[in-house]
Amino acid sequence: MSIGVGVIGTGVMGAEHARILRHETPGAHLAGIFDPDPTRAQAVAVGAAVFSDARSLIASDQIDAVLIASPDVTHAALTLACIEAGKPVLCEKPLASSAAGALDVVRAEVALGRRLIQVGYMRRFDPGYREIKRVKDAGEIGGPVLLHNVHRNVRAPEWFDGSMAITNSFVHEIDISRWLLGSEMVSVHVEAGPGGEPLMITMKTDKNEIVSTEVFVNASYGYHVHAELVGRQGTISLAPASLTLLNRDRAGGLSYPDNWVPRFEEAYRRQMADWVSAVKFGGAVGASAWDGYVASAIAEQVAQALAGNGVATLRYEPRPSLYD
Ligand code: ISE
1 MSIGVGVIGT GVMGAEHARI LRHETPGAHL AGIFDPDPTR AQAVAVGAAV
51 FSDARSLIAS DQIDAVLIAS PDVTHAALTL ACIEAGKPVL CEKPLASSAA
101 GALDVVRAEV ALGRRLIQVG YMRRFDPGYR EIKRVKDAGE IGGPVLLHNV
151 HRNVRAPEWF DGSMAITNSF VHEIDISRWL LGSEMVSVHV EAGPGGEPLM
201 ITMKTDKNEI VSTEVFVNAS YGYHVHAELV GRQGTISLAP ASLTLLNRDR
251 AGGLSYPDNW VPRFEEAYRR QMADWVSAVK FGGAVGASAW DGYVASAIAE
301 QVAQALAGNG VATLRYEPRP SLYD
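The opening position of the sequence shown corresponds to residue 1 in our numbering, with each subsequent residue numbered one higher.
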């Protein structure tokens, strides 16, 4: 049986997920679309049903599972509606635009007593990050002491406001650092460069490792994500992800994409394939609602620290046993 997936939101990510579902995901099909802009919805649907609102898509019996790719502020309420309808969800990150919103989702899932939510922290499916984790877990570089992350965008999207460099961009670094190290973050120090960016964020983990992250959302030259894990017996980092070497104007070198879609194409594909098979055959893969809550809780506290004295001891709710 093919899983009918409904996609809510047809911006950059919704359109990409719909494309992956239509052309690159055996065992699933694009069964419906909702976007408040009907022209955009029709363009992405290419024959799939177009719904007039998100709730009727979620309720429809043509829809077995829901992919949420609408604006961040809508994620928590839509995810809650899916839990109520008993439908599995792949929700784009962040799980919610506040820690309290993400906690509501965790509590609803705990009350239901089974896991329905996967959060789209797709880097967990990226071949480079997976190889770093394999090497670290095999003990090949000794005990980890430091993780350096770099997160640079060409320019901030026009819908970025307030602290979205933290709540929308830095959240990836929180999630991938927790996943790579298998550690929890306990404290943070944050500083901003001249005019507010780049941000330099240093966290300490419960195993005393240091996680340093630069977030520069207007770095101009290209979309560039980097990570280097330093162990006591060696280091391992992402290799340049460039597909080509470009020679021009008496210079040559790597090229960078304009945004994250080409850089993480393989991660998005694998994330979808694994989610669809978890929906079909059971089990849970990727980032859970709990992981989504922790990322949003840390992001919120980092944003508060940035507005205050730059430091914070990080606090979370206790983890429910559903996520053990
Ligand atoms: C965007 O929403 C993403 O999720 C990208 O992966 C990230 O690199 C970018 O900074 C975000 O704005």
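Beta carbons: idealized from backbone N, C-alpha and C, even for Gly.
request  = Can you check DSSP and say which residues form a bridge with residue 68?
outcome  = 8, 91
ask   = Could you give the distance in angstroms between the alpha-carbon of residue 278 and the alpha-carbon of residue 147?
value = Near 30 Å, if we compare the C-alpha coordinates of residue 147 and residue 278.
ask   = Would DSSP call residue 149 helix, strand or coil?
value = strand
ask   = Is it right to say residue 262 is buried, meaning 16 or more other beta carbons lie within 10 angstroms of its own, or is it exposed?
value = exposed
When 113, 211, 264 are compared against residue 289, the one with the closest alpha-carbon = 113
query = Any idea if residue 281 is buried or exposed, counting beta-carbon neighbours within 10 angstroms, 16 or more meaning buried?
reply = exposed
task = Could you spell out where the alpha helix (DSSP H) holding residue 128 opens and where it closes?
result = 127-137
query = Terminal residues of the continuous beta strand (DSSP E) containing residue 114?
reply = Residue 114 -> no beta strand (DSSP E), and no H or E assigned at all.
task = Would you check if there are 3 or more beta carbon pairs closer than 8 Å linking the stretch 312-322 to the stretch 87-96?
result = no
task = Taking 8 Å as the threshold, find out whether the stretch 18-33 comes into contact with the stretch 41-60 through three or more Cβ pairs.
result = Verdict: yes, contact present.
ask   = Using a Cβ-Cβ cut-off of 8 Å (strictly less than) and excluding sequence neighbours within five positions of residue 329, which residues of its own chain qualify?
value = Since the first and last residues shown for the chain are 1 and 324, residue 329 lies out of range.
inquiry  = Considering only heavy atoms of the ligand ISE, does any lie closer than 7 Å to the CB of residue 218?
reply    = Flag unset: Cβ of residue 218 not near the ligand ISE.
inquiry  = Bridge partners for residue 144 per DSSP, in chain order?
reply    = Answer is 231, bridged to residue 144.
Neighbourhood of residue 194 by C-beta, 7 Å cutoff - its chain only, sequence neighbours within 5 removed = none
inquiry  = I believe residue 67 touches residue 108 by the beta-carbon criterion, under 8 Å. Please report the beta-carbon distance rounded to the nearest angstrom.
reply    = Not confirmed; about 18 Å, so no contact.
inquiry  = Which same chain residues end up closer than 6 Å to residue 1 when comparing Cβ atoms and leaving out the 5 residues on each side of it in sequence?
reply    = none
inquiry  = For the ligand ISE, I want to know if residue 325 counts as a neighbour, meaning its beta carbon is within less than 7 Å of at least one of the ligand's heavy atoms.
reply    = Past the boundaries of the shown model lies residue 325; the chain is included only from 1 to 324, so the question cannot be answered.
key: Every unbroken alpha helix (DSSP H) within the stretch 165-232, with a cutoff of 4 residues, ordered by chain   = The stretch 165-232 contains these whole alpha helix (DSSP H) runs: 171-181.
ask   = Relative to the alpha-carbon of residue 213, which residue among 205, 199, 308 has its alpha-carbon at the smallest distance?
value = 199
request  = Enumerate in chain order the residues of its own chain whose CB-to-CB distance from residue 82 is below 6 Å, with the five nearest sequence positions on each side excluded.
outcome  = 58, 66, 89
Residue 149 versus residue 9: straight-line alpha-carbon distance, rounded = 30 Å
ask   = Cβ of residue 93 versus every heavy atom of the ligand GDP: is any distance shorter than 7 Å?
value = Annotation note on the ligand GDP: not contained in the displayed structure, which lists the ligand ISE as its ligands.
inquiry  = Helix, strand or coil, according to DSSP, for residue 308 in the structure here?
reply    = coil
ask   = Just the Cα atoms here: how many angstroms apart are residue 243 and residue 136?
value = 26 Å
inquiry  = I'd like to check one pair, residue 235 with residue 132: are the Cβ atoms closer than 8 Å?
reply    = no
query = Is the beta carbon of residue 189 within less than 7 Å of some heavy atom of the ligand ISE?
reply = The nearest non-hydrogen atom of the ligand ISE is 7 Å or more from the C-beta of residue 189.
inquiry  = As a quick exercise: from 296, 223, 21, pick the residue whose alpha carbon is nearest that of residue 327.
reply    = Lying outside 1 to 324, the shown extent of the chain, residue 327 is not represented and no answer is given.
message = Shorter than 7 Å, the distance from the beta carbon of residue 168 to the closest heavy atom of the ligand ISE, or not?
response = yes
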